[in-house]
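Student: The sequence shown: position 12 = 25 (the numbering used here), numbered continuously. Dumping the structure here so I can ask a few things about it.
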Amino acid sequence: MTRSPGENLSVATHRATLTDRYAAWREQGFDAARCPVRNVLDHLGSKWSTLLLIALAEKPMRFNALLRDVPDISRRMLTQTLRDLERDGLVSRQVFPTKPPSVEYRLSATGESVLGPLTALVGWAEQHFPEIERARARFDAVAGAGAAAIPGETARPESPQALAPSPVRG
């Protein structure tokens, strides 16, 4: 893919900014437990968090409405993901004094502040998904044929079962 000169400048700017931040983290001792990238993006990048943030960007929703709106999520995962998002301050939970109590979830101010970067990431994912699927297919074809995909690395196993340890018999 060919980039215009303006896009190259943007990539160079982003690269320099990220390189500078990474160097600063290393100079500070790079405490993995305090790393904002690992800490925050681990939650935002979870299987369901992004979809729930997108669903709540439209309007506040109750639990069952979210359960219907987000395909394939289980009640347990919805509960856990909403708790994680609430713990991170991205979602707020409002309980209404009805019998039984009803609960509504909405984006907090911090949750709304992530919509800009999330919009950019979603747009990037939509634009590049076909290219990523092709790359995965090429990689899987090479790995399945037994060829080393990365220099210095042995061939990847054909299936996840090949990674499982053999049972120990005593």
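Yeah, the Cβ is synthetic: ideal placement off N, Cα and C, and Gly gets one too. Model, not experiment: these values are computed from the prediction.
From R149 to K72, what distance separates their C-alpha atoms?
Tutor: Going by the C-alpha atoms only, they are around 35 Å apart.
Student: Would DSSP call F43 helix, strand or coil?
Tutor: Note: F43 maps to coil in three-state DSSP.
Student: Can you give the Cα-Cα distance for V108 and L79, rounded to whole angstroms?
Tutor: About 16 Å.
Student: For the alpha helix (DSSP H) that contains V53, what are its first and last residues?
Tutor: First-last of the alpha helix (DSSP H) with V53: P49 to L57.
Student: What's the gap between the Cα of W61 and the Cα of V155?
Tutor: Cα to Cα, W61 sits roughly 31 Å from V155.
Student: Along the chain, where does the beta strand (DSSP E) that runs through R103 open and close?
Tutor: Looking at the sequence provided, one finds Leu at residue 103 rather than Arg. Where L103 is concerned, there is no enclosing beta strand (DSSP E), given that its DSSP letter is neither H nor E.
Student: Kindly identify the DSSP beta-bridge partner or partners of L120.
Tutor: DSSP, once it has assigned bridges, lists V104 as partnering L120.
Student: In the structure shown, what three-state DSSP assignment does L31 receive?
Tutor: In this structure, L31 counts as helix in the three-state DSSP scheme.
Student: Rounded to a whole number of angstroms, what is the C-alpha to C-alpha distance between L103 and T132?
Tutor: Going by the C-alpha atoms only, they are around 16 Å apart.
Student: Confirm, please, whether the CB-CB distance from T94 to L65 is below 7 Å.
Tutor: It is a contact, given that the beta carbons lie within the stated cut-off.
Student: Please name the residue, chosen from I86, T26, A37 and L98, that lies closest to N52 on a Cα-to-Cα basis.
Tutor: For the residues I86, T26, A37 and L98, the minimum Cα distance to N52 belongs to L98.
Student: Quick check on the burial criterion: 16 or more other C-beta atoms within 10 angstroms. Buried or exposed for V127?
Tutor: Classification for V127: buried.
Student: From L120, L134 and W38, pick the residue whose C-alpha is nearest to that of M74; which is it?
Tutor: Nearest of L120, L134 and W38 to M74, Cα basis: L120.
Student: Should D82 and A70 be called a contact, given that it needs their Cβ atoms to be closer than 7 Å?
Tutor: Not in contact: D82 and A70 (Cβ atoms no closer than 7 Å).
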